[in-house]
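Take a look at the structure below.
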């Protein structure tokens with residue numbers, strides 16, 4: 002048979018989804034599987050979005066504009082105005098989710114073989130998008146010790162080569178929950194101006210900032226209009242991940258003009274999803290507050306419970322709906338697989354995302370998992386009870402001495 | 002500012018969509034623009050699809066499986082069984098339109114720099130997908146003289162190099178309307194086996210074969226299961242182009258396994274579109290017959306009218322809903338632009354797709370346009386009256402002698 006491509010063979014299995022077959026097997030054996038691996042909240046989709054879908058009343062579901070429906074682009078302008086970001090509808094391209102937004106931006110800005118710098122741990126699919134577009138990921142490691150703050154800007158400087166074309170950040174961060182300060186963003190601004198780089202900022206969790214941490218959008222910074230590309234999506238904001246509606250936003254007209262050619266090749270974004278997204282952006286404040294308060298409650302409960310388990314270490318995240326957790330196990334991926342294949346507690350088990358897939362250097366995340374607090378507190382409670390029992394029973398559990406060694410460089414959590 | 006990528010600069014403007022701004026200007030001046038440039042029929046979307054959308058009744062629009070909803074994959078199996086193609090649901094990946102299906106297949110099968118052979122004229126976006134994936138298009142020209150039949154297989158042989166990894170055909174063909182015979186497909190089969198190549202067959206117009214021409218799916222051929230990838234979509238079949246639901250079908254499990262990794266990176270296809278597509282596949286025969294008869298009537302009217310215009314040459318297409326037409330003009334793209342910018346007949350004009358964008362060697366299509374018969378006969382009549390008047394008034398019209406020269410190698414149409 003003809004050979005599969007090299008880039009196909011290089012494509013990673015998603016750390017978030019690769020254990021799905023094991024979860025399905027566990028369910029077939031009659032177990033309940035609490036899925037904390039994936040950013041799929043149980044929060045109801047904004048009712049305005051559902052209503053808009055049910056009210057679709059067209060005779061022909063036609064191709065739309067390749068840039069997306071103008072009415073949706075204008076609705077996004079209204080939304081951004083509310084968060085102090087001033088853009089025109091012509092600065093916006095609608096995409097099939099933030100996934101397509103990032104892929105098309107990489108194609109537009111980077112040649113095959115060019116490099117993109119990414120603070121790690123990073124959203125695992127950044128590596129997939131880069132692989133699919135023949136772009137090299139250059140990681141800079143952020144540390145659990147300081148809550149995964151932006152690494153010193155000198156570390157970025159050291160990694161810049163003639164092939165470096167862009168930096169991508171996720172803010173608030175998936176998987177760490179870190180929120181970049183204005184000062185950190187200004188450092189990045191100075192850096193991309195100095196080295197003439199693009200700066201991609203993925204801000205899909207913008208509304209989820211806790212404990213008074215203030216969010217700054219990359220679009221609020223002056224003097225880098227030609228450098229900045231905002232990546233956004235309605236998936237998390239209105240709990241509508243299955244819609245697949247995202248955007249590329251940039252003041253760089255040349256960039257958008259070229260990105261539009263890639264958009265033309267795939268004709269248009271899905272129509273019904275765009276209608277739903279447009280309605281969702283008008284969701285009332287009560288809906289947004291409900292979601293915010295729900296995630297806040299879950300975070301507090303989850304982090305507290307996790308840190309009460311012997312040998313587990315979980316810093317309090319500032320935003321989004323994920324935590325990165327250090328577990329007292331030999332290998333977090335082995336443990337996650339074992340939980341699905343070998344373990345159950347009263348016919349229940351938990352699905353976790355091994356963190357190694359969120360690091361370029363997979364050794365770094367070896368004892369970490371990402372937990373998404375996408376279930377309500379009652380379900381979370383049951384899930385965490387399983388996790389606690391699983392950690393107790395797991396044959397590869399670290400000894401007390403090993404745990405002490407593992408945690409010795411990490412600050413004591415308050 | 003940082004530089005746009007080379008591949009971005011290489012991305013072609015869509016010949017189908019690049020005149021859209023001129024059409025918008027013409028409309029702003031108060032003209033009616035008959036859009037015959039794009040495969041966007043006015044046929045009502047299958048009512049079952051619309052109904053399914055209006056009946057959506059979920060609390061959360063969630064991520065689905067990266068391979069697509071299992072129920073939709075199984076529904077496609079039923080559909081294929083009806084057309085004598087036996088596949089399992091595991092042979093099917095749901096994609097965001099045939100566009101994504103082709104892009105992901107190219108990424109899975111070809112490395113950057115590899116070559117794909119394409120009979121030209123070809124669907125213009127094949128070139129865009131190849132450019133976006135750094136794949137080289139190697140064209141083999143089919144000829145208006147013989148209705149755009151498959152070029153002799155020896156011409157394919159001559160073009161095969163160590164870099165050749167695949168051949169792509171569109172059957173029935175967009176833009177030529179040609180339907181490949183079983184004998185031609187068998188020649189391609191022998192070729193891909195001999196040279197160990199992949200064979201992509203884009204069959205989205207499968208139901209539209211006229212005058213008793215029999216359609217053969219590439220999936221009906223034996224002995225090339227590991228080589229063949231079927232590309233399909235519900236867009237044209239159920240007049241639902243804005244849904245964006247396509248498929249990759251292949252018996253090559255390794256290929257699908259790797260393609261699935263690309264699917265995982267973009268998480269899942271749009272949910273609502275999948276629900277609509279699943280319903281549409283059950284569209285009653287009356288709906289399919291209505292569509293078929295409508296396109297047949299339009300084709301006959303259109304081709305007859307076109308050939309009645311002095312100097313216009315239009316062979317009768319066998320399938321799909323396009324014709325390639327030779328026009329008595331100096332340059333078909335200039336003419337198409339002139340029709341929008343300078344011309345109107347009783348405040349009406351026509352938008353055409355210059356054919357040069359459907360050829361790799363753009364000189365070939367210089368005096369041709371693609372016309373999509375996507376309007377009803379009454380509208381077509383008005384559109385063609387505009388075209389006739391436009392051709393009469395166009396300053397770059399060929400002289401009688403030039404027309405004779407232009408058409409001398411083409412057979413007389415019956």
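Protein chains in written order, with the working numbering: chain G, 2 to 415; chain L, 2 to 415.
Just so it is clear, CB atoms sit at the ideal spot from N, CA and C, and this is done for glycine as well.
Run of the alpha helix (DSSP H) containing residue 83(L), from where it starts to where it stops
Position 82 of the second chain, counting from 1, holds the residue named residue 83(L). It spans 71-83 - the alpha helix (DSSP H) in which residue 83(L) sits, taken as one unbroken run.
Buried or exposed by the 16-neighbour rule on C-beta atoms within 10 Å, applied to residue 84(G)
Position 83 of the first chain, counting from 1, holds the residue named residue 84(G). Looking at its Cβ environment, which holds fewer than 16 other Cβ atoms inside 10 Å, residue 84(G) is exposed.
Cβ of residue 355(G) less than 8 angstroms from any chain L Cβ?
Within the first chain, the letter at position 354 stands for residue 355(G). Residue 355(G) does not count as touching chain L.
For residue 408(L), three-class secondary structure by DSSP:
In the second chain, counting from the first residue as 1, residue 408(L) sits at position 407. Correct three-state label for residue 408(L): helix.
On the CB-based measure, 16 or more other CB atoms within 10 Å of its CB, does residue 162(L) come out buried or exposed?
Working through the second chain from its first residue, we reach residue 162(L) at position 161. It counts as exposed.
Cβ pair residue 260(G), residue 130(L) closer than 8 angstroms:
Counting from one through the first chain, the residue named residue 260(G) turns up at place 259. Counting from one through the second chain, the residue named residue 130(L) turns up at place 129. Cβ atoms of residue 260(G) and residue 130(L): not closer than 8 angstroms.
Bridge partners of residue 354(L), per DSSP?
Residue numbering aside, residue 354(L) sits at position 353 when the second chain is read from its first letter. The partner list for residue 354(L) (beta bridge, DSSP) reads 371(L).
When the Cα atoms are used, what is the spatial distance from residue 227(L) to residue 196(L)?
Taking the second chain and counting its residues from 1, the one referred to as residue 227(L) is at position 226. Taking the second chain and counting its residues from 1, the one referred to as residue 196(L) is at position 195. Each residue's Cα considered, the two are about 13 angstroms apart.
Could you name each continuous alpha helix (DSSP H) segment of 4 residues or more that falls completely within the region 183-214 of chain L, going from the start of the chain to the end?
183-196
Counting pairs of beta carbons, one from the region 341-352 of chain G and one from the region 388-406 of chain G, are three or more of them closer than 8 angstroms?
yes
8 angstroms Cβ cut-off: residues of chain G touching residue 338(L):
Residue 338(L) sits at position 337 when you count from the first residue of the second chain. By Cβ distance, chain G contributes nothing, its closest Cβ being about 18 angstroms from residue 338(L), past 8 angstroms.
Under 8 angstroms between C-beta atoms, does residue 418(L) make it to chain G?
Outside the displayed span of chain L (2 to 415) sits residue 418(L), for which this structure offers no information.
Verify whether the separation of the beta carbon atoms of residue 273(G) and residue 328(G) is less than 8 angstroms.
For this step, residue 273(G) is matched to residue 272 along the first chain. For this step, residue 328(G) is matched to residue 327 along the first chain. No.
Continuous beta strand (DSSP E) stretch holding residue 238(G): start and end
Mapped onto the first chain, residue 238(G) falls at position 237. Counting along the chain, residue 238(G) falls outside any beta strand (DSSP E), and DSSP gives it neither H nor E.
In chain order, what residues of the same chain lie with their CB nearer than 7 angstroms to the CB of residue 411(L), ignoring the 5 residues before and after it?
Position 410 of the second chain, counting from 1, holds the residue named residue 411(L). Excluding sequence neighbours, residue 411(L) sits near 145, 146, 314.
Which residues, taken in chain order from the region 286-308 of chain L, show a beta carbon closer than 9 angstroms to some beta carbon of chain G?
none
Any Cβ of chain G within less than 8 angstroms of the Cβ of residue 28(L)?
Here residue 28(L) is taken as the residue at index 27 of the second chain, counted from 1. Not closer than 8 angstroms to any Cβ of chain G, the Cβ of residue 28(L) fails to qualify, so no.
Closer than 8 angstroms, Cβ to any Cβ of chain G: which residues of the region 96-114 of chain L, in chain order?
97, 98, 100, 101, 104, 108, 109, 110, 111, 112, 113
To the nearest whole angstrom, what separates the beta carbons of residue 243(G) and residue 62(L), a pair I think is in contact under 8 angstroms?
Taking the first chain and counting its residues from 1, the one referred to as residue 243(G) is at position 242. Taking the second chain and counting its residues from 1, the one referred to as residue 62(L) is at position 61. Indeed, because the Cβ distance is near 4 angstroms, the residues count as touching under 8 angstroms.
Where does residue 176(L) land, buried or exposed, given buried means 16+ other C-beta within 10 angstroms?
Looking up residue 176(L) in the second chain gives position 175. Label assigned to residue 176(L): buried.
Quick one: measure Cβ to Cβ for residue 373(G) and residue 323(G), integer angstroms, because I've assumed they're closer than 8 angstroms.
Position 372 of the first chain, counting from 1, holds the residue named residue 373(G). Position 322 of the first chain, counting from 1, holds the residue named residue 323(G). Confirmed, Cβ separation roughly 5 angstroms.
Is residue 9(G) close to chain L, meaning its C-beta is less than 8 angstroms from at least one C-beta of that chain?
Residue 9(G) sits at position 8 when you count from the first residue of the first chain. For residue 9(G), the answer is yes, since a Cβ of chain L falls inside 8 angstroms of its Cβ.
Count the C-beta pairs between the region 396-413 of chain G and the region 48-57 of chain G that are closer than 8 angstroms, then say yes if the count reaches three, no if not.
no
How many angstroms separate the CA atom of residue 279(L) from the CA atom of residue 357(L)?
Here the question's residue 279(L) lines up with position 278 in the second chain. Here the question's residue 357(L) lines up with position 356 in the second chain. Answer to the nearest angstrom: the Cα atoms are 37 angstroms apart.
Flag residue 364(G) as yes if its beta-carbon sits less than 8 angstroms from any beta-carbon of chain L, otherwise no.
Numbered from its first residue, the first chain carries residue 364(G) at position 363. Not an interface residue.
Spell out whether any CB of chain G is found under 8 angstroms from the CB atom of residue 166(L).
As a first step, residue 166(L) must be located in the second chain, where it is residue number 165. By this cut-off, residue 166(L) is an interface position.
How do the region 228-239 of chain L and the region 67-74 of chain L stand: do at least 3 beta-carbon pairs fall below 8 angstroms, yes or no?
no
What did DSSP end up calling residue 247(G) once you bin it into helix, strand or coil?
In the first chain, the residue the question calls residue 247(G) occupies position 246. In the structure shown, residue 247(G) sits in a strand (DSSP, three-state: E or B).
Do residue 179(G) and residue 319(G) have their C-beta atoms within less than 8 angstroms of each other?
Position 178 of the first chain, counted from the start, is the residue given in the question as residue 179(G). Position 318 of the first chain, counted from the start, is the residue given in the question as residue 319(G). Taking 8 angstroms as the Cβ cut-off, residue 179(G) and residue 319(G) qualify as a contacting pair.
Chain-order list of residues whose beta-carbon lies under 6 angstroms from that of residue 277(L) (same chain, five-residue window excluded)
Taking the first residue of the second chain as 1, we reach residue 277(L) at position 276. 50, 53, 54, 244, listed in sequence order.
Same chain, Cβ closer than 7 angstroms to residue 284(G), five either side skipped, listed in chain order
Reading the first chain from its first residue, position 283 is the one you call residue 284(G). Excluding positions up to five away in sequence, the list reads 47, 49, 239.
When the Cβ atoms of the region 136-155 of chain L are set against those of the region 74-92 of chain L, are three or more pairs found closer than 8 angstroms?
no
Touch test, the region 103-114 of chain G against the region 147-158 of chain G, Cβ-Cβ under 8 angstroms, three pairs minimum
no
Can you name, in chain order, every residue of its own chain whose Cβ lies under 7 angstroms from the Cβ of residue 304(L), other than the five neighbours on each side?
Along the second chain, read from residue 1 onward, the residue named residue 304(L) stands at position 303. Contacts found: 315, 317, 324.
Residue 16(L) touches chain G at which residues, Cβ-Cβ below 8 angstroms?
Mapped onto the second chain, residue 16(L) falls at position 15. Result: empty, since nearest Cβ-Cβ is about 10 angstroms, beyond 8 angstroms.
Find out if the Cβ-Cβ distance for the pair residue 106(G), residue 232(G) is shorter than 8 angstroms.
Residue 106(G) sits at position 105 when you count from the first residue of the first chain. Residue 232(G) sits at position 231 when you count from the first residue of the first chain. Their beta carbons are under 8 angstroms apart, which means residue 106(G) touches residue 232(G) by this criterion.
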